[in-house]
Each structure stands twice: as C-alpha cells, then as structure tokens.
Amino acid sequence: MTEPATIVIFGASGDLTARKLIPALFDNFCKGRLHPQTRIVGIARTAMSDDAFREKLCTFAKETLGRACDDEHWEQFAGAIHYQAGDLTNLDDYHALSARVKELEGDHGGGRLYYLAIAPSLYGPAVQNLSGSGLALETSGWRRVIVEKPFGRDLASARELNAKVHDAFDERQVYRIDHYLGKETVQNLLVFRFANSIFEPVWNRNYVDNVQITVGERVKVGSRGGYYNTAGVLRDMFQNHMMQVLAMVALEPPSRYAADALRDEKVKVFNAVRVPDAENVEDFSVVGQYAGYHTEQDVPEESITPTYAAVRLDIDNWRWQGVPFFLRSGKAMACKTTQVVIQFKRPPHLMFNVADKHDMRSNRLTITIQPDEAIKLSFQTKVPDAGMTMQSSELEFLYEDSADQQVIPDAYERLLLDALNGDASLFIRSDEIELSWRIMDPVINGWSSRPDEALPMYKPGTWGPIEADGFIRRHGRRWINDGGKEREAERRPAPERRTVQPA
Amino acid sequence: MLRCGGMIVAAARVGPTSAGASTLPMIRLAVKTPDTSPTNNVQYEFLRVKFDHTFSSIACGLRLD
Ligand SMILES: NC(=O)c1ccc[n+]([C@@H]2O[C@H](COP(=O)([O-])OP(=O)(O)OC[C@H]3O[C@@H](n4cnc5c(N)ncnc54)[C@H](OP(=O)(O)O)[C@@H]3O)[C@@H](O)[C@H]2O)c1
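So the sequence lines, in the order shown, correspond to chains A and B.
Taking my numbering, the leading residue of the first sequence gets 3, the next gets one more, and so forth.
Taking my numbering, the leading residue of the second sequence gets 19, the next gets one more, and so forth.
Laid out in structure tokens, this is it:
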C-alpha cells in the first residue's frame, strides 16, 4: 500500500485525466493499493465545483471500466476528489492551490505527486511556478512531478526543458512518463530475458540475425491531425516508445531491479547506438504517408509529414555488432500490433537435402506487446507420416490462456502506483531522453531537409510504402509481417511446408 | 528432447495421450505475473505447441510409440 499522499493533476478537465488517470487510480483504489489518506486535487482553468468534476469523471470511468466501476466503490473513491480552478501561467493561482491542498491535508500532511497532464508548452511554466510558490519544497514530505510525453521536440528543446525542470526539482523527484514502460508485456521483456536462463546465451550477435520492432496502428490520425502534423511518426513513436522497447531488448543484465541500475543499462545502449548521418538518411531509413492524409482535419494540403517510417539502427558493442535493428511504425497500417521479432540465424549446416534450402525458415521469437499479448517461438518440425517433410511450428504462450486468467491492467495503473511508491524504474531519466533525441534528430532532420523529394505514398490498410520493402531488401532482410490474430487466421489453413528428400 | 544454447530445456512428451499418440514439445517459461509489483515477481507458464493448429491436416490417430 502507498503512503498518505495528495495527487495534484494539472490539466484536470482534459482527456488524459478522464480517460486514463482517474480510471487507473480508481482501479488501484478498488484493489486496496491506495492509502485511505490519498487525496486527488484537479486543476485547470474551467470553472467547476467539486461535484461537477466528480460527475464528469464518473461518466468517463464507467465508460472506461464498464461493470468494474461499481457505484459503491466509486462513491467512496470520489469523496477524496477535489477541484480547484486556476491558470497554470499565473503564480497567484499556485498560492491558492497550495492553500487549498494544505487545508485538505489538515494535520495529515504526506507526500505530493504533481501530474502534468497539460500541453507541453505549459511544462516549463508549471515547474517554474511550482518552485516559485514553494510547492516543490520537501519540508513536510516528499514532492514528485510526473511529466507527460512529448518531452521536447528535438535534442535542443529537451535539454532546455530538462534545465527548467532541474531548476525546480532534483532529478530523483522527476518521473518522465512513457506509458509503454507500464505495459505488462514490456516489463515481461526483462523477466523473459533475465528470469529464464535459456534465452540469454543466444541473445547476441552469434545467434541473432536481425531484430524487428514494429508498432502498427490501424487507425488514421482522426481528430489529432493538428498535433500529428507538427510531430510526424518519428517524434510520435520512435523517439520515445520504440527507443524504450529497443533498450529493453538490447540492454545488458542489470545487477538488480532498481531504478538506476536499470536506467544505467538503457543509457549504455543509447550511447552505443550509432548516431545516424542526416546526409545519408535514405541509406538507413524510409518514410511514407498514407494516401488521403492531406485531406484529414487540420492537415494542410501540402503536408510532407511522414505517417510511416522504418529505420535501421546499429548498436556498436560486443553483443550486437553487425545485428541490424529495424524499427518501423505507421498509421493506417494492415493491422494494429506492437511486436518484437528476434530473427535467429540459419543453422550453420543442414544435413537434410532441402530443395529450397535458402528459403528455409530459421528460428524466430515473436513477442507481441499488444494486442493479443503473446510469446511465440517458431522452429522446424518433421511432419508425421509424410516422409522427411518439414514445417514451421510454433511454441506459443498466450496471456489470455494463462492459468489464472489475470486481467492485464492499464499501463497508467502501474506507473501511478510506482510514482506514489517512489520507484522510478519505469520512468525515463534526463540522460535517456536526451540520448534518444540525439539518435532520432538526424533522421527527422535528414528527411525534413528534403522537402522537394516525392514522399512515398501507401494505401491505407497495407504494411507501408513499397519502398519499405526495397529498403529492407537492400539490407539483405525482409519484413516479418505476422501481426495479430487476423493474420494468424489467414496463415493457419495452409501451414508453411517444405519437402525434404532423404539425404 | 529439445536443446537450446547447449542446455536441455524441456522434454517433449512422447507417447500415448488422450488424443492418441503425439509429441508435444514444451518449454517451461518464467513470465512476469501481470498486475504485480515489484516487477520481478514471476510465475511459470508453458510455451507449447498447439497440436490442433500444427497438425490439423494429418490424422490425429498416428502412432509414434
Ligand atoms: N490524451 C491522451 O491519451 C494522452 C496520451 C499520452 C500523452 N498525453 C499528453 O498528456 C498531456 C495532456 O493531454 P490531453 O489529451 O489530456 O490534453 P487536453 O485534453 O487538451 O487537456 C489539456 C488540459 O490542460 C488544461 N489547460 C490548458 N491550458 C491551461 C492553463 N493555462 N492553465 C490551466 N490548465 C490549462 C485544459 O483545461 P482548461 O481548458 O479547462 O484550462 C485541459 O484540462 C499532453 O501533453 C499530451 O501530449 C495525452
């Protein structure tokens, strides 16, 4: 259980608060994980009473959690929710907030968690005013701040923001969120690698041919066109989520599960990633835009913002030298999937007389982060009663089949709990953020500096532009496109088979 | 037996089963128990071959014993 604390949500009338933060806190409350002396105070400019705020949150919580949001629990939980109208650019409003929080805390005191669920342009003013009003001082309990993504839009702005944050808070008080790290299946990458002894010996350049990290979204930009067009897929997905997944796949075993031990290892990975050269951007990356993107709401007709990108990264260390990491992500893709594929090398010698030896499928480990969370290991098997015919079979573990049928909680549930407990393991440190921008900046700048080149287009519902296939072929590999269940259903009726003649 | 990285990791089940005789390779796997903290709380699950999926097109009554 957490310690007594007050959670102050900045941007409390917004989407993130209603759809993610409050449902996650409520779920933690229902599981008995929040201290009874936990208070939630929301702040935004909209004038609202405590009751009106609770009412609004209740509607969203019911929508998000369905039947899990029962009235009795909600009434108990909602009693601790309060609202204070205020403008975050106005220092006086922080003094008013401070007085309100003190009044609610009474003699109990306790820690305070400030959650910045506001537009990135307000992060700077918010931390400065938190400091200016004395709200960051740890005289009567711990003070922590959670900063949402995006953290900067390039290396220079991330550095500038880190400097502002550090003027107000020590790094140990800062929790930069990337909700991917709160996902069970991302955390399971650590367990899979370091709580099993059989994978780590082959998790290196001797056995691995290439690694593919795919984040496919089926949806188009929808109503987020205005924001998305200024960001593009490289800022929206690569710099944060995909780099974090890459680090979890590539890192060396931390000596213990502790925030700095884990984050030190991620930083070593980022330091070892070869920084791409913006001049030769097309050698190691490809971008594209789905057909019809420029007709989306708030997207200018002449937009050259990529909605798809694929990037090859190389990690210059002993473990990964020569193993390409292919990262790709896009909107309006063939299926919604986030997965990591570890493609192993072919056996060094094949004693069977396989007709199409060169096409034989080597071992492959597929970790599906979402949806249809699963781990699959493909291997060759002999088809019974069919001579020496081989086929690819899969050993699979599906979370939904897991014996205890646990419901996988939303990432924010875990992350909010960790922040309340002072565990920053799954949050991003300032050096990690800056290093990942350092890697992505040349890719972003490389493409944005060639506005005249025609941007490859792709049909919505496909795996990206045709150029992406040519790109990976030039690197001697091919994309592994088995996404979620839909694709599996397509594959199953006709399992892959290869006939082997007796040697 | 299935070998991986020079180590025996799991025994394939060989011999008669309720569905007839078959080989069912399995690997016992540590995975993170969902919704638990700290992160290194693990439970054991199996990576297993789905017999029905894999050999759906061949007769299940095949005897290997
Ligand atoms: N929504 C998501 O699923 C999601 C996911 C990942 C990250 N994020 C990040 O989370 C942050 C919030 O996103 P959101 O979707 O919740 O945005 P949003 O719906 O636009 O909410 C923004 C909030 O900020 C408040 N606000 C704006 N200016 C203010 C000011 N000067 N003083 C006080 N409050 C002010 C708004 O309320 P008033 O207008 O009432 O002041 C509103 O409550 C963003 O940085 C976003 O990138 C969101």
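Beta carbons: idealized from backbone N, C-alpha and C, even for Gly.
Computed from a predicted structure; not experimentally measured.
Item: Every unbroken beta strand (DSSP E) inside the region 320-384 of chain A [3 residues or more]; Value: 327-332, 339-346, 366-372 and 376-384
Item: CA-to-CA distance, residue 440 (chain A) to residue 514 (chain A), given in whole angstroms; Value: Because chain A here runs from 3 to 505, residue 514 (chain A) falls outside it and cannot be looked at.
Item: Cα-Cα separation between residue 493 (chain A) and residue 380 (chain A), rounded to whole angstroms; Value: Unreliable positioning characterises residue 493 (chain A) in this predicted model, as indicated by a pLDDT of 36, which lies under 50. A coordinate reading is not provided.
Item: Coarse secondary structure for residue 155 (chain A), derived from DSSP in three states; Value: coil
Item: With 16 other Cβ atoms within 10 Å as the buried cut-off, status of residue 175 (chain A); Value: buried
Item: Chain B contact residues for residue 198 (chain A), given Cβ-Cβ distances below 7 Å; Value: 47 and 48
Item: Length of the line joining the Cα atoms of residue 394 (chain A) and residue 377 (chain A); Value: 16 Å
Item: Distance CB(residue 576 (chain A))-CB(residue 177 (chain A)) smaller than 8 Å; Value: Given that chain A is displayed from residue 3 to residue 505, the structure contains no residue 576 (chain A) and the question cannot be resolved.
Item: Cβ distance (whole Å) where residue 85 (chain A) is taken to contact residue 14 (chain A) below 8 Å; Value: 6 Å
Item: Assigned secondary structure, residue 166 (chain A) (DSSP; H/G/I helix, E/B strand, else coil); Value: helix
Item: For residue 214 (chain A) and residue 458 (chain A), the rounded distance between their alpha carbons; Value: 21 Å
Item: Ligand 1 heavy atom lying under 7 Å from the CB of residue 25 (chain A); Value: no
Item: Which of helix, strand or coil DSSP assigns to residue 216 (chain A); Value: strand
Item: Every unbroken beta strand (DSSP E) inside the region 380-447 of chain A [3 residues or more]; Value: 390-400
Item: Local conformation of residue 33 (chain A) per DSSP, three classes; Value: coil
Item: Cα-Cα separation, residue 134 (chain A) to residue 40 (chain A); Value: 25 Å
Item: Proximity test, residue 126 (chain A) beta-carbon vs ligand 1 heavy atom, cut-off 7 Å; Value: no
Item: Beta-carbon proximity list for residue 416 (chain A), same chain, < 6 Å, skipping 5 on both sides; Value: 184
Item: Closer than 7 Å: residue 120 (chain A) CB and nearest ligand 1 heavy atom; Value: yes
Item: Cβ shell of residue 479 (chain A) (< 6 Å), same chain only, five flanking positions each side left out; Value: 212
Item: Cutoff 8 Å; reference residue 269 (chain A); Cβ partners in own chain excluding five residues on either side; Value: 431, 433, 434 and 437
Item: Below-8 Å beta-carbon distance, residue 429 (chain A) vs any chain E residue; Value: Checking the listed chains, one finds no chain E in this structure; the protein chains it contains are A and B.
Item: Beta-carbon spacing of residue 482 (chain A), residue 345 (chain A) below 8 Å; Value: yes
Item: Start-to-end residues for the alpha helix (DSSP H) that takes in residue 126 (chain A); Value: 125-134
Item: Under 8 Å from the C-beta of residue 206 (chain A): neighbouring residues of chain B; Value: Result: empty, since nearest Cβ-Cβ is about 11 Å, beyond 8 Å.
Item: Residue 162 (chain A) to residue 261 (chain A) span [Cα, whole Å]; Value: 24 Å
Item: Members of the region 393-415 of chain A near chain B, C-beta cut-off 9 Å; Value: 393, 395, 396, 397, 398, 399, 401, 403, 404, 405, 406, 408, 409, 410, 411 and 415
Item: Rounded straight-line distance, which links the Cα of residue 64 (chain A) to that of residue 223 (chain A); Value: 26 Å
Item: Segments of 3+ residues assigned as beta strand (DSSP E) that fall wholly inside the region 205-265 of chain A; Value: 210-218
Item: For residue 301 (chain A), the three-state DSSP class (helix, strand or coil); Value: coil
Item: Beta-carbon proximity of residue 240 (chain A) to residue 313 (chain A), cut-off 8 Å; Value: yes
Item: As assigned by DSSP and simplified to three states, the class of residue 39 (chain A); Value: coil
Item: Partner residues on chain B for residue 190 (chain A), Cβ-Cβ distance less than 8 Å; Value: 49 and 50
Item: Own chain residues within Cβ distance below 7 Å of residue 243 (chain A), not counting five before or after; Value: 180, 182 and 217
Item: Cβ-heavy atom distance, residue 46 (chain A) to ligand 1, below 7 Å; Value: yes
Item: Option in A:157, A:316, A:290 and A:383 with minimal Cα separation from residue 455 (chain A); Value: A:290
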